[in-house]
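Working notes for the structure below.
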Amino acid sequence: MGSQYLEGNFAPVTEELAVTDLQVTGTIPEHLDGRYLRNGPNPVTPPDPASYHWFIGTGMVHGVRLRDGRAEWYRNRYVRSEEVAAALGEPTRPGPVHAGFDFAANTNVVGHAGRTFAIVEGGFRPYELTDELDTIGPCDFDGTLSGGYTAHPKRDPASGELHAVSYYWGWGNKVQYSVLDAQAKVRKAIDVEVHGSPMMHDLSLTEDHVVLYDLPVTFDVATASAGASFPYTWDPEYPARVGVFRRDGDGSDIRWFDVEPCYVFHPLNAYDDGDHIVLDVVRHPKMFATELHGPNEGPPTLDRWTIDLQAGKLLEERVDEHGQEFPRVDERVVGRRHRFGYSVGFTEGSASSHLRRHDLAARSTQVRDFGPGHRVGEVVFVPDSPDAAEDRGVLVGYVYDAAADRSDLAILDAQTLETVAAVHLPARVPDGFHGNWVPTAP
Ligand SMILES: [Fe+2]
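Position in the sequence shown (from 1) plus 23 gives the number in my numbering.
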């Protein structure tokens, strides 16, 4: 059986480009000074389609540098783990890998403390990159990271610190919550006991609390022993629950709240509301129960989970039943009450995808379709100015056009979803995972 995750725009590209004469339609806002970076799987050597899992392809970071209303460059670079360097005939970039496990981090890419990190979960460490996306080497934050890291740190907009949860099957029944300070050193790490080895992809942060999603996708010893490239599967015996503890404590106050069995890769955002905590999440009804090549088991919906700390209850409600993923908010409201959110919607019966803009106050959703054969990836919000209102800014992301077999970097008005500018890339950017806007350091 072939893997759909190697076909169409999932197929890897083979060339690394550095292009400076980029064509632009529209007007790039002058204040955008930085890089839009996005990571995703791009196998450096052709994998066996029968066993290939979308989550294990070699990381490749695609970036566009914007400044003074211009698109200065587009670059795409493999993350050079030892295996990737060998495949490319290059010397190894030595560094502190965790437990001997080396992997070309493929899931997200972040700027922090003036540095750039390609990141992934499951026990693997970040890979540090240069501003121009060349690989420096594996990174343990100057010896402060005890295990692997995560693909989804949450930046507290007040402190600039990154809050994360890490998991690794070799740790037994625990996961680790950590805080990476503004100088990129882990200043706090707390072990949290769980029932096994769950795949804990993300966490939520509020002003007072940390929220963990302890859900029934777990390390599967039998699948791993059989040689599967991605050994996490649905475990109907594993309790589905959400854990809450105070940020200013040591984790010993953790409380658990049961939820209907499901899987959440990505919360949209979370916030405290008196005695309640509001969690907006993209909820998959199941994950890796029957489909073992990638996430594809029923439409993932936008749901609101409200925890009542007094009553000790969690209420689940549906906000948007349309299939969607890659939820993002204005980064300045992470952990604070948000009104707006943006996600990628799956267009029924087609290979296209579209953008969805949610107004959580009005409980309404607005759609931007890019036309037949167009696929939009995750978008990132960039405000018009540091103190602009929520939602006043642009959304930035890659849009693939199947007819032209190329991608654009789209810059959209966040309120109307209309195109402000499009940077036309000379190649396609394969479907991938996550990215961020990394402003130029002042
Ligand atoms: Fe993710």
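A virtual CB, placed ideally from N, CA and C, is assigned to each residue, including glycine.
- If you look at glutamate 106, you'll find it isn't in any beta strand (DSSP E); it sits in the alpha helix (DSSP H) that goes 105-110.
- Ranked by how close their Cα comes to the Cα of glutamate 53, the residues Asp44, Ile330, Glu95 have Glu95 in first place.
- Remark: C-beta atoms of proline 290 and aspartate 204 do not approach each other more closely than 8 Å.
- Those residues whose C-beta sits under 7 Å from the nearest heavy atom of ligand 1 are, from N- to C-terminal order along the chain, Thr130, Asn131, Ala174, His175, His224, Asp225, Phe288, His289, Phe456, His457.
- In this chain, valine 244 is not harboured by any beta strand (DSSP E); it is covered by the alpha helix (DSSP H) spanning 244-248.
- Judged by beta-carbon spacing, arginine 116 lies within the 8 Å limit of alanine 108, meaning their Cβ atoms are closer than that value.
- Per the DSSP secondary-structure output, leucine 338 pairs in a beta bridge with Thr329.
- Under the rule that a run must span 3 or more residues, the beta strand (DSSP E) segments found entirely inside the segment 354-437 read 363-369, 376-382, 387-392, 397-399, 403-406, 416-424, 429-436.
- Straight-line measurement puts the Cα of arginine 138 at about 35 Å from the Cα of tryptophan 328.
- As DSSP reads the structure, methionine 83 sits in a beta bridge with Gly63, Tyr101.
- In the structure shown, phenylalanine 126 falls within a coil segment according to DSSP collapsed to helix, strand and coil.
- Fewer than three beta-carbon pairs drawn from the segment 246-263 and the segment 293-305 are found closer than 8 Å, and the two stretches are therefore not classed as touching.
- In the assembly as shown, threonine 313 is an exposed residue. Its beta-carbon has fewer than 16 other beta-carbons within 10 Å.
- In this chain, the beta strand (DSSP E) harbouring aspartate 281 covers 278-281.
- For the pair glutamate 30 and tyrosine 190, the Cα-to-Cα distance works out to about 30 Å.
- Annotated as proximal: methionine 222 and tyrosine 255, with beta-carbon spacing under 8 Å.
- In this structure arginine 351 is buried. Its beta-carbon is surrounded by 16 or more other beta-carbon atoms within 10 angstroms.
- Beta-bridge annotation (DSSP): arginine 306 is paired with Val287, Thr324.
- Cβ atoms of aspartate 276 and arginine 269 come within 8 Å of each other, at about 6 Å.
- Per DSSP, reduced to three states, the secondary structure at phenylalanine 311 is coil, with no helix or strand assignment.
- Distance check between phenylalanine 404 and each of Leu185, Ala374, Gln438 places Gln438 closest, using alpha-carbon atoms only.
- Buried is the label assigned to glutamine 199, since at least 16 other Cβ atoms lie within 10 Å of its Cβ.
- The beta carbon of glutamate 344 is closer than 6 Å to those of Thr324 in its chain, skipping five residues each way along the sequence.
- Alanine 187: member of the beta strand (DSSP E) spanning 185-189, first to last residue.
- Alanine 464 and glutamine 206 have their C-alpha atoms roughly 13 Å apart.
- Cβ atoms of leucine 435 and valine 446 stay farther apart than 8 Å, at about 12 Å.
- If you draw a 10 Å sphere on the C-beta of alanine 122, you find fewer than 16 other C-beta atoms in it, and that means exposed.
- Classified as buried, proline 239 has 16 or more neighbouring CB atoms from the shown chains inside 10 Å of its CB.
- Per DSSP, alanine 444 is one residue of the beta strand (DSSP E) stretching across 442-447.
- Judged by beta-carbon spacing, valine 84 lies within the 8 Å limit of valine 102, meaning their Cβ atoms are closer than that value.
- Residue state for asparagine 32 is assigned as helix, using DSSP reduced to three classes.
- About 14 Å separates the beta carbon of asparagine 32 from that of proline 395, a gap too long to meet the 8 Å contact definition.
- The Cβ atoms of valine 267 and valine 304 lie no closer than 8 Å to each other.
- Taking 8 Å as the cut-off, the Cβ atoms of glutamate 413 and phenylalanine 363 count as close.
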